[in-house]
Each structure stands twice: as C-alpha cells, then as structure tokens.
Amino acid sequence: MKLILSRKGFDTENGRCPSPIFPNGKLCSLPIPDCDSNIRYDDIRYGDMNIGEIVENLTRRRQPQNRIAPESRAHLDPDINYEAYPREKGWQPLFGQGKGHQTHLSDQGVQIGDLFLFFGLFQKVKKTSGKWCFVKDASRQHILWGWLQIGEIHKVNELTQDQLSWTRYHPHLQYLQYPEPYPNNTLYIASEVLDLGNGPIKPGAGLFPNFHERLVLTDPEGSEVTDWRLPRCFYPDESKCPLTHFPDLNNNWNQNDKYAYACRKGPGQEFVLDLDQYPDVTDWLVQSIFTHDC
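Counting from 258, one number per residue, gives the positions in the sequence shown under this note's numbering.
Below is the structure:
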C-alpha cells in the first residue's frame, strides 16, 4: 500500500491565505479558486455555515482585485463531504488530479487500495464585529484534514457520456470543454470502507473535523511551515525509499528518539510513501490517526 500526503486547499498561492480553524476547533479546508468551475463558493456548505461568507470575510481586507466574493468560482476538489454540495443519486467521494502531479502519482505506482491523506495550511480565526478574521500572530501550520482510500481510478478523457454521470458537476469534468485535452486528467473514487488491515471501521473517505496535535505536520519549533515533525517511523534509512520530494537523507531529514524531521524548500503537492517498507507508519495510522475521533 502507498500513503500519499496530498496538499489541498487554500494556501499563500491559491487563495492567498490559510484555511480556518474555528474557535470550537473545527477544521474547514477551503477549496481553491477556479474560474472554469461551475460551482460558486456560496453553493458550498460547511455544517451550518456558507463557504461563500467565510471566504468573503477572510479576504475582505485585501486590495479589491484580490478579494474573493461569494459568487466566485471554486475548485471543489477533493470532494469528500456529502453535506457540502447538492448531490445526484449515486454520488461517492472523489478527487481529481492531472498534469505533472498525476504523472508523479503514476510513476510511483499509485493504485486501488492506496490512501490519500489530505493536508493544508491552517490558522486560527475569530469573529470580530460579526466577521471572521485571522487571529493575529496565531501560527500557520500544515494540518491533516481528510482522507480518501482509492476504490476506483478513471481516466476522464476515456469516460463515455453515460459513465459516472453523477460526476459531471466536478471541476475535472469541466476540463472536457477545453479545446485541448487536459493532460493526465484522472478521477480517484473512494472505496466504500477504509481497509488498513486491522484498523477501525471507517468510511473510505471523510473529514477530520476537529483540530488535534496528532494531525499537525508542521514542527512547532521549525522556522518554516514546510518544516515537518513526523513520527519517528517515517525516518528513512539507506535500505528504504524516503517520502517522495524528500530524497536526501543528509539534507532533508533529521531524527531523535521520538520524531523524524523532514524539511524542503518549495510547496510540493503529492508526497508518496511505500508502506510495505514502513509497516510502523500503518500502525501509526491505525492507532493515532483513525482510532480516535479527532
């Protein structure tokens, strides 16, 4: 099995700010802007809140041309929360990928049964005068916010008109309207249940709704948000392939008795680890990430 740490949601480039951690500890990953999408931010729900209102609040202090209005278009992907958007019969959680990032997944042999853990950039927010705003000086962190275990893989450009008709709303299906084919356009559809061998009974995709230290990737003592503190079991030795995009044992990795420290420059998007070489990481998933309701 492969584990893919997959960076998704608002960041300093796409959306130009973090996603919010609400005062009650709820994590809300904001989908990035996408002018080609048919989905508006104010079409999307998070619990009893409207995503359009949230993004408008959090971007309202920018220059007018950089604000995000509720009617702006959103790239709702990964789409793993049933309640987020009106659903057609047969809907299943799904995720789309393409271009070079999909090439990387293919080159790493990602297949049915492999597990995406989605993470993004988050920061605490509060309400001031009825509007959401970021808590001044609150740290920005990479935090795990959801998962999807692969049940099906489909090449979008090979789908027939009547195949997976319930996916037609999805941004990666909108790419079919492009004059030129969108390279490597691929859909990953979730398995019905999560299968980690001996883990808890969970759906094949879902959200980690509440903040917990277990979900934080960023090293609290690091100088950059991309400096990660991982469980010691992630540390590669010379007999193991390291987490992709962290290839250099001397320059990308450090360790102590409890943690593995991984650092790199640049954002990256899909970080793949072969769990057959790291069985203790599977134990970490079972015992720390999925056993407890975060």
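Ideal placement from N, C-alpha and C gives every residue a C-beta, glycine not left out.
Check	Outcome
Any idea what DSSP makes of C390, helix, strand or coil?	strand
What whole-angstrom Cβ distance do S276 and L287 have, given they're in contact under 8 Å?	5 Å
Between the C-alpha atoms of G454 and L262, what's the straight-line distance to the nearest angstrom?	19 Å
Can the beta-carbon of S448 be found closer than 9 Å to that of I407?	yes
I need the DSSP call for E340, collapsed to helix, strand or coil.	helix
Extract the residue ranges of the beta strand (DSSP E) inside the segment 491-528, only unbroken runs of 3 or more that lie entirely within it.	510-512, 516-519
Just curious, the alpha helix (DSSP H) that G366 is in, first and last residue?	Here G366 belongs to no alpha helix (DSSP H), and DSSP marks it neither H nor E.
Excluding sequence positions up to five away, which residues of its chain have a Cβ less than 6 Å from the Cβ of Q354?	T443
Roughly how many angstroms separate the alpha carbons of Q368 and E527, rounded to a whole number?	14 Å
Am I right that I446 and Q349 are in contact with their C-beta atoms under 8 Å? What's the rounded C-beta distance?	5 Å
Does R471 come out as helix, strand or coil in the three-state DSSP assignment?	helix
Quick one: what does DSSP say G355 is sitting in, helix, strand or coil?	coil
Please report the straight-line C-alpha distance between D419 and G387, rounded to a whole angstrom.	46 Å
Take the Cβ of I458 as the centre, count every other Cβ of all protein chains shown within 10 Å, and call the residue buried at 16 or more, exposed below.	exposed
Taking only the alpha-carbon atoms, compute the straight-line gap between G347 and F503 and give it to the nearest angstrom.	39 Å
Do you know whose CA, among L433, L421, E310, lies nearest N295's CA?	L433
Please state whether the Cβ-Cβ distance between R297 and E345 is less than 9 Å.	no
Distance, Cα to Cα, D299 vs P428?	16 Å
What does the alpha-carbon distance come out to for the pair K383 and Y426?	33 Å
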